[in-house]
Structure formats: structure tokens, C-alpha cells
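Okay, so the sequence shown: first residue is 67 according to my numbering, each after it adds one. Below is one structure, written out as C-alpha cells, with a few remarks after it.
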Amino acid sequence: MIRKLEKADHLHLVQLYEIIANQIENPAYFNWSHEKVRSELLAAQTLIYDWQEQVISFITYRELPDFIEITAVGTAPLMRRKGFSQAILHELAGYAARQNKPLGLEVHQDNVPALSLYQKWGFILARTRANYYPDGRDAAVLTYKKSGPAQ
Ligand SMILES: CC(C)(COP(=O)(O)OP(=O)(O)OC[C@H]1O[C@@H](n2cnc3c(N)ncnc32)[C@H](O)[C@@H]1OP(=O)(O)O)[C@@H](O)C(=O)NCCC(=O)NCCS
């Protein structure tokens, strides 16, 4: 079930984030420094996929007056490629449409799973930000242009 993060979920979300961060191919894929993770995660607005009372996937975002910025996405390693991120994105895109706000985000240029997720969904490349990440690689700035994954 997809739902908003509640206070009681905070510890589970931090634990999931740490599992993902510990096995991530490139630490630069996550924007947040180790020290800031907990505060960033807890300050963000978050949608989670709750499966058997476990947080197995999440999307954090910031809602601004005219824009919704996705700040992080993650799915538990053993639960990937099962459509959980896509399902949460569907929920968030529906919310954004109801608010009449575009969605946008930055993603590391080498992060193929994340880029593929967003491209499948219909995000388009707006521009790149050179040397944006600590490893000197660029960020792709993506915006959402249509409803739902491309056919
Ligand atoms: C990116 C990530 C969140 C995707 O989560 P997921 O739940 O596995 O994604 P989904 O199952 O919803 O995948 C939806 C689509 O995204 C694309 N995709 C997802 N993982 C992919 C991969 N490893 N390779 C290529 N395409 C991929 C596919 O188009 C997929 O559709 P398909 O399975 O029908 O082909 C997950 O790989 C992850 O947690 N990565 C580590 C954290 C990270 O890098 N986050 C991004 C920076 S904040």
C-alpha cells in the first residue's frame, strides 16, 4: 500500500535508506551527505510503499508554490524491478497534476536505473548541470511532461 510517511515510520525509513546507501554502486548517486541524511529524510515530504508493515520503497519530495521537486528515491535491493518506484511515482504524479504543478528533479548522469525509471515515465531532459556531484559528474535535470509511462 502506498501512503504518506508517518512519524512511526521514521526509523524504518532511515534503516531502508542506510541499507540502500551501503550497497549503492556510487555514493554520489545520493545527494545528501552522511551527516545530513537523517535530518533531510525527516524534514522531507515522503511517500512510501508499505508492504507487510515494512517500508520497502520511498520517494521524498519538496513541494514549492509552483513546483514539486523529487529529492530522493529508493527501493530495498531485494524488491527492485517489481514496479514499486513506478507505483509511488504514479501516486505523486497524480497529486502533482491535481495541484497543477510540474515535477522535476536532478539525477546523476551515470545512474541508469533512476534515469530509466524517469524516462520510462515520460520525464524529459531539460538541461544538465556540469560537475554537480562530488565525483565531478554532471546532473541531468529532468522535468515531467505527460501523464504516465511511455507506451
Ligand atoms: C532507481 C530505483 C529507485 C528504482 O526502483 P525500482 O522499484 O526497482 O523501480 P521499478 O521496479 O518501479 O522500475 C520501473 C522502471 O524503471 C526502469 N528501471 C528500474 N531499474 C532499472 C535497472 N536496474 N536498469 C534499467 N532500467 C531500470 C525500468 O524501465 C523499469 O521498468 P521495467 O522493470 O518494466 O523494465 C532503485 O534502483 C534504487 O533504489 N536505486 C538505488 C538508489 C538510487 O540510486 N536512487 C536514485 C537517486 S536518489
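C-beta atoms are modelled at their ideal positions from N, C-alpha and C, and glycine is treated no differently.
Minimum Cα-Cα distance from Q175 among the listed residues R195, A162, R164, E157 corresponds to R195.
The Cβ-Cβ distance between Y127 and A159 does not fall below 8 angstroms.
In this model, Q89 and I68 are separated by some 24 angstroms (Cα to Cα). Distance from the Cα of G170 is smallest, within the candidate group D132, T141, P200, R164, for D132. An exposed status is given to G202, since fewer than 16 other beta-carbon atoms sit within 10 Å of its beta-carbon.
At a cut-off of 7 angstroms, the beta-carbon of Q152 counts as near ligand 1: some heavy atom of the ligand is closer than that. Straight-line measurement puts the Cα of L79 at about 14 angstroms from the Cα of P143. Between ligand 1 and N177, a heavy atom-to-CB distance of less than 7 angstroms is present. For S99, the three-state secondary structure derived from DSSP is coil. Rounded to the nearest whole angstrom, the CA to CA distance from E119 to I86 is 18 angstroms.
By DSSP's assignment, I190 forms a beta bridge with T209. Around the CB of I190, fewer than 16 other CB atoms lie within 10 Å, so the residue is classed as exposed.
Cβ atoms of E129 and Q111 come within 8 angstroms of each other, at about 6 angstroms.
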